[in-house]
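In the numbering used here, the protein residues as written are 318 to 623. Idealized CB from N, CA, C, for every residue including glycine. Here the structure is a predicted model, which is why all the values come from computation and not from measurement. Just below is one structure, and these are the notes that go with it.
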């Protein structure tokens, strides 16, 4: 890519790790601005970075700040995004050039985090859950850009499955069409974010971080287009009852329809509504599954570097 330094800032710690062939794990920033209230969002983001360090890798939280594409931001910048909250633009691929030109702030979605990670040479990324095909997409055509990005950008995404507010069956079909391998970590069932499994199966089960790292390195060395999705079930002690959470999701989806909420506003609305309905239990689960994914992503990144 020509003249990337004109737009891209890679934190010195991240740059040094990449140059030395050390493990780096990318992290998104939408979870900071749109995922939970302040100061819980900042505390969670800093704890996720600590977990990655504790497991031998370097964290690279990604964001757009005053028009600069940032791969690795400081605790002060995390606090800035956390305080600004919903006033930060939720930035997907289409938003990047506009935010850069206007010198605006952007919290990166899964898709944009993948793009910026790939620009810097970071190959592993930990998040909560990916976006996917929304319920009723056969009418609305509401399909997350995360799926398109997984089909073309060479970054592995470690998540707790697709968010259970989505149509999980259609999301898997879409990923298959795009040629994205879906790996279940120690499971053959697709985790559904708040719950450890769903009615759907993943492509492959792998039981160790090394197995996953080997498959990912093979994909990169074969120069096969696109990413890889690793689905890591929420720890059992934090998993929610599937019948209960599905009832809460249906209630939230119905309210979103009544209020005419669409597009990029849908997911933040649904997650906030589900948090209210569950009395905060869903937010606690969300935080724990992110911690769990950060740990696995760091372990995979370390195996890749061996």
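C-alpha gap between residue 363 and residue 390, whole angstroms: 11 Å
If we require 4 or more residues per run, which alpha helix (DSSP H) segments fall completely within the segment 531-612? 559-576 and 583-594
According to DSSP, simplified to helix, strand and coil, what is residue 370? helix
Name the residue from 360, 501, 538 and 517 whose alpha carbon lies nearest to the alpha carbon of residue 525. 501
Assuming residue 607 and residue 361 make a contact with CB atoms under 8 Å, what is their CB distance in whole Å? 7 Å
Determine the closest residue to residue 496 out of 598, 543 and 405, with distance taken between C-alpha atoms. 543
With distances taken Cα to Cα, identify the nearest neighbour of residue 478 among 550, 545 and 419. 550
Residue 439 vs residue 331 beta-carbon contact at 9 Å: yes
Determine whether the beta carbon atoms of residue 530 and residue 621 lie at a separation below 9 Å. yes
Exposed or buried, which one is residue 557 when buried takes at least 16 other CB atoms within 10 Å? buried
Buried or exposed for residue 431, please, with buried defined as at least 16 other CB atoms from any protein chain shown within 10 angstroms of its CB. buried
Between which two residues does the beta strand (DSSP E) harbouring residue 502 extend? 499-502
So, under 8 Å CB-CB, residue 555 and residue 602 are touching, yes? Tell me the CB distance rounded to an integer number of Å. 5 Å
By a C-beta neighbour count over all protein chains shown, 10 Å radius and 16 as the cutoff for buried, is residue 456 buried or exposed? exposed
Residue 376, DSSP secondary structure in three states: strand
First through last residue of the alpha helix (DSSP H) which encompasses residue 460: From DSSP, residue 460 is part of no alpha helix (DSSP H); its letter is neither H nor E.
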